[in-house]
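Mind the numbering: the sequence shown is residues 55 to 211 in my numbering, read in order.
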Amino acid sequence: MKGQELVIQRSFDAPRDLVWKAWTEPELVKRWWGPKGFTAPVSRIDLRVGGAYLNCMRSHEGQDYWSTGVYRDIVPPKRMVFTDSFADEGGKVVPATHYGMGTDYPLEMLVTVTFEDQEGKTKLTLRHAGLPGEDLDNCRAGWNESLDKLAEVLAKK
55 MKGQELVIQR
65 SFDAPRDLVW
75 KAWTEPELVK
85 RWWGPKGFTA
95 PVSRIDLRVG
105 GAYLNCMRSH
115 EGQDYWSTGV
125 YRDIVPPKRM
135 VFTDSFADEG
145 GKVVPATHYG
155 MGTDYPLEML
165 VTVTFEDQEG
175 KTKLTLRHAG
185 LPGEDLDNCR
195 AGWNESLDKL
205 AEVLAKK
């Protein structure tokens, strides 16, 4: 896959099953998806190989950013692999330029998330492949802010 691969590892003070649910149950995803200052008013998940997701992130200015993808591999609660694309409200894939971003983004990227037991905690490894090099730092910041929100959600469970 063309582009850079972002790799983030985090440890969550929660059991693996709960962290898995936070990634696979729309009502939980809506509580953490998106960077700081963003909300996620919509999350639809068809959790099966070949099934799709559609998520919406809303900025504090009210701008919606839709993303969609197809699940390529699912091994509960150990691993999920899915494509990642910018989308419109109907789930149709659109170029990043639709949201004012650069032309270097591919129409489809690949995300792999693994979940490992770690003495009552969960080690999560996220790999996001296909990112343009010039946006790697912004993507890293966005994912880390989202994962910070995930940690807060898990702490309340």
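Backbone N, C-alpha and C define an ideal beta-carbon position, used for all residues, glycine too.
Looking at Lys90, Glu59, Lys177 and Met134, the one whose alpha-carbon comes closest to that of alanine 195 is Lys90. When the Cα atoms are used, arginine 102 and leucine 82 turn out to be separated by approximately 18 Å. Excluding residues up to 5 positions away in sequence, Ala106, Tyr107, Phe136, Thr137, Asp138 and Ser139 lie with their Cβ nearer than 7 Å to the Cβ of glycine 123 in the same chain. Contact between the region 71–82 and the region 182–190 is absent, with fewer than three C-beta pairs closer than 8 Å. Taking 8 Å as the upper bound for CB-CB distance, lysine 56 and glycine 156 are not in contact here, some 14 Å apart. Contact between tryptophan 197 and leucine 180 holds: their C-beta atoms lie close to 6 Å from each other, under 8 Å.
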